[in-house]
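Trainee:
Residue numbers (our numbering): 245 to 603.
#1: I'd like to know whether the C-beta atoms of residue 363 and residue 377 end up nearer to each other than 8 angstroms.
#2: Would you mind working out which of 583, 319 and 358 sits nearest residue 349, comparing C-alpha positions?
#3: Using only the alpha-carbon positions, how far apart do residue 315 and residue 582 sit?
#4: So within the segment 260 to 301, which uninterrupted alpha helix (DSSP H) runs reach at least 4 residues, ignoring any that extend past its ends?
#5: What is the rounded straight-line gap between the Cα of residue 281 and the Cα of residue 381?
#6: Can you tell me the Cα-Cα spacing of residue 593 and residue 322, whole angstroms?
#7: With the cut-off set at 8 angstroms, would you say residue 342 and residue 335 are in Cβ contact?
#8: Let me know the secondary structure DSSP gives residue 415 once reduced to three states.
#9: Measuring CA to CA, which of 547, 462 and 565 is closest to residue 558?
#10: Would you check if there are 3 or more beta carbon pairs closer than 8 angstroms linking the segment 527 to 539 to the segment 561 to 569?
#11: Around the C-beta of residue 360, are 16 or more other C-beta atoms found within 10 angstroms, so that it is buried, or is it exposed?
#12: Does the distance from the C-beta atom of residue 385 to that of residue 402 stay below 8 angstroms?
#13: Can you tell me where the beta strand (DSSP E) holding residue 560 begins and where it ends?
#14: Which class does residue 386 belong to by DSSP, given the choice of helix, strand or coil?
#15: Identify the continuous alpha helix (DSSP H) that holds residue 341 and give its terminal residues.
#16: Do residue 470 and residue 480 count as a contact pair if the criterion is CB distance below 8 angstroms?
#17: If we call anything under 8 angstroms between Cβ atoms a contact, is residue 338 one with residue 367?
#18: Quick check: what's the CA-CA separation for residue 412 versus residue 400?
#19: With which residues is residue 547 paired in a DSSP beta bridge?
#20: Below 8 angstroms on the Cβ atoms is my contact criterion, and I expect residue 494 with residue 458 to pass it. Report the Cβ-Cβ distance as a whole number of Å.
#21: Would DSSP call residue 553 helix, strand or coil?
#22: Residue 309: which of 326, 552, 256 and 344 sits nearest, CA to CA?
#23: Give the DSSP-derived three-state secondary structure of residue 247 in the structure shown.
#24: Taking 8 angstroms as the threshold, find out whether the segment 450 to 469 comes into contact with the segment 498 to 516 through three or more Cβ pairs.
#25: In this structure, does DSSP put residue 583 in helix, strand or coil?
#26: Looking only at C-alpha atoms, which of 251, 268 and 264 sits nearest to residue 284?
#27: For a quick check, are the C-beta atoms of residue 455 and residue 498 less than 8 angstroms apart?
#28: Over what stretch of residues does the alpha helix (DSSP H) that includes residue 577 continue unbroken?
#29: Is the CB-CB distance between residue 524 and residue 571 below 8 angstroms?
#30: Among the residues of its own chain, which have a CB less than 8 angstroms from the CB of residue 426, if the five just before and after it don't count?
#31: Report the start-end ranges of each alpha helix (DSSP H) in the segment 514 to 545 that is 4 residues or longer and not cut off at the edges.
#32: Do residue 293 and residue 302 have their beta-carbon atoms positioned less than 8 angstroms apart in this structure?
#33: At what residues does the alpha helix (DSSP H) containing residue 433 begin and finish?
#34: CB-CB under 7 angstroms to residue 566, same chain, minus the five flanking residues each way: which ones, in chain order?
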């Protein structure tokens, strides 16, 4: 059974506005001891627990997080379910329920503010709530990964608000948090190559890192080229084609791993551009490619073995993209509802044939 004493002690101490040294004086131990307790390096003697609990006016069970431990299985199961969702409505229903039921679980809280920062319809009204949870995480959470994730959520929220007129948030607020983030070269993935060559997880960790870096490269290409008005349409189309060529070079067996959604979207992106240029024939070619990839993805087994030169033998689990992710359904919705395609193009038999592939 996991004990949450360290996290709870730090949370209770900061809520009272006490330093480690002041708390140590009240309890009768050294401040180094308090530091070790909060870092989970050591735990207090069992006879000391009642005194600590009494000082904070909580029960020993609450101090140790007994209820948290009992809820662990449910929390873990629900978080996994949330991470596998892809539609905003069920995501909100689940994470808001979890936040109400487990208001002190940092894994729930980070997902809650990440949702608000990314999907909330009225981000300005949610700012104070996000900031309160962010400060709680920064002050009381001992998991560095969650602390960094909370910074990312705040960056996304600040960035979104800084682009809207009539609020007090500017990019300066966003930049302050960006500058607090670790450099890419300081991430745990960067040091995966330090694993001994005989280590059983070395190869898997390195391949995971390479795929994460390819996905990060796409994110920057998309942000810099595809959605930047300073580049003309022809340039954006050429960059999109080059990325497709690059990904086909890397994933030469046609199994795109974590980049499946990227490839499907890129063909759709090209189709939109050709449609806007009045070239319906070429647009339909790329729409068909997008649909064909969606059909192929959905027909794959959940676990497949990759055979590209770079990832030979690597296992790909479709559920890493969300267990509820249906590529055909997603592409069909894009083609029929979201993509700015002309009514004339949608009335063509070739387009109707593509839609029938996705039924």
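Cβ atoms here follow ideal geometry from the backbone N, Cα and C, with glycine treated the same way.
Note that this is a predicted model, so its numbers are computed, not measured.
Mentor: Taking the structure as given:
#1: Against the chain shown, residue 363 aligns to sequence position 119. Against the chain shown, residue 377 aligns to sequence position 133. No. Outside cutoff.
#2: Your numbering for residue 349 matches position 105 in the chain shown. Of the listed residues, the one whose Cα sits closest to residue 349 is 319.
#3: By 1-based counting over the chain shown, the position of residue 315 is 71. By 1-based counting over the chain shown, the position of residue 582 is 338. Taking the straight line joining both Cα atoms gives about 41 angstroms.
#4: 264 to 271, 275 to 282 and 293 to 300
#5: Counting from 1 along the chain shown, the entry for residue 281 is found at position 37. Counting from 1 along the chain shown, the entry for residue 381 is found at position 137. Spanning the two alpha carbons is a distance of roughly 18 angstroms.
#6: Numbered from 1 along the chain shown, position 349 holds the residue referred to as residue 593. Numbered from 1 along the chain shown, position 78 holds the residue referred to as residue 322. Between residue 593 and residue 322, the C-alpha separation is close to 44 angstroms.
#7: Residue mapping note: residue 342 aligns to position 98 of the chain shown, counting from 1. Residue mapping note: residue 335 aligns to position 91 of the chain shown, counting from 1. It is not a contact, given that the beta carbons lie outside the stated cut-off.
#8: Here residue 415 refers to the residue found at position 171 when the chain shown is read from its first residue. Helix.
#9: Residue 558 sits at position 314 when you count from the first residue of the chain shown. Taking only the C-alpha atoms, the option nearest residue 558 is 547.
#10: no
#11: Working through the chain shown from its first residue, we reach residue 360 at position 116. The residue is buried, with at least 16 neighbouring Cβ atoms inside 10 Å.
#12: The residue labelled residue 385 in the question sits at position 141 within the chain shown. The residue labelled residue 402 in the question sits at position 158 within the chain shown. Contact flag unset, no.
#13: Within the chain shown, numbered from 1, the residue matching residue 560 stands at position 316. First-last of the beta strand (DSSP E) with residue 560: 559 to 561.
#14: Within the chain shown, residue 386 is the residue found at index 142, counting from 1. Note: residue 386 maps to coil in three-state DSSP.
#15: Walking along the chain shown from the start, residue 341 turns up at place 97. Element bounds for residue 341: 332 to 345.
#16: Position 236 of the chain shown, counting from 1, holds the residue named residue 480. Position 226 of the chain shown, counting from 1, holds the residue named residue 470. Going by C-beta atoms, residue 480 is nearer than 8 angstroms to residue 470.
#17: Here residue 338 refers to the residue found at position 94 of the chain shown. Here residue 367 refers to the residue found at position 123 of the chain shown. In this structure, residue 367 does not lie closer than 8 angstroms to residue 338 by Cβ.
#18: As a position in the chain shown, residue 412 is number 168, starting the count at 1. As a position in the chain shown, residue 400 is number 156, starting the count at 1. Distance between the alpha carbons of residue 412 and residue 400 is about 16 angstroms.
#19: For the purposes of this step, residue 547 is taken as the residue at position 303 of the chain shown. Residue 547 is bridged to 561.
#20: Taking the chain shown and counting its residues from 1, the one referred to as residue 494 is at position 250. Taking the chain shown and counting its residues from 1, the one referred to as residue 458 is at position 214. Confirmed, Cβ separation roughly 7 angstroms.
#21: Residue 553 sits at position 309 when you count from the first residue of the chain shown. Note: residue 553 maps to coil in three-state DSSP.
#22: Taking the first residue of the chain shown as 1, we reach residue 309 at position 65. It is 256.
#23: Stepping through the chain shown from its first residue, residue 247 is reached at position 3. Residue 247 falls in the coil class under three-state DSSP.
#24: yes
#25: Looking up residue 583 in the chain shown gives position 339. Correct three-state label for residue 583: coil.
#26: One-based indexing of the chain shown puts residue 284 at position 40. If we check each option's Cα against that of residue 284, 251 comes out closest.
#27: Residue numbering aside, residue 455 sits at position 211 when the chain shown is read from its first letter. Residue numbering aside, residue 498 sits at position 254 when the chain shown is read from its first letter. No.
#28: The sequence position of residue 577 within the chain shown is 333, counting from 1. Where residue 577 is concerned, the enclosing alpha helix (DSSP H) stretches over 571 to 577.
#29: Here residue 524 refers to the residue found at position 280 of the chain shown. Here residue 571 refers to the residue found at position 327 of the chain shown. Their beta carbons are not under 8 angstroms apart, which means residue 524 does not touch residue 571 by this criterion.
#30: If you number the chain shown from 1, residue 426 lands on position 182. Excluding positions up to five away in sequence, the list reads 392.
#31: 524 to 543
#32: Mapped onto the chain shown, residue 302 falls at position 58. Mapped onto the chain shown, residue 293 falls at position 49. No, the Cβ-Cβ distance between residue 302 and residue 293 is not below 8 angstroms.
#33: Taking the chain shown and counting its residues from 1, one reaches residue 433 at position 189. That residue, residue 433, is in no alpha helix (DSSP H); it is neither H nor E in DSSP.
#34: Taking the first residue of the chain shown as position 1, residue 566 is located at position 322. Only 328, 329 and 330 meet the Cβ criterion.
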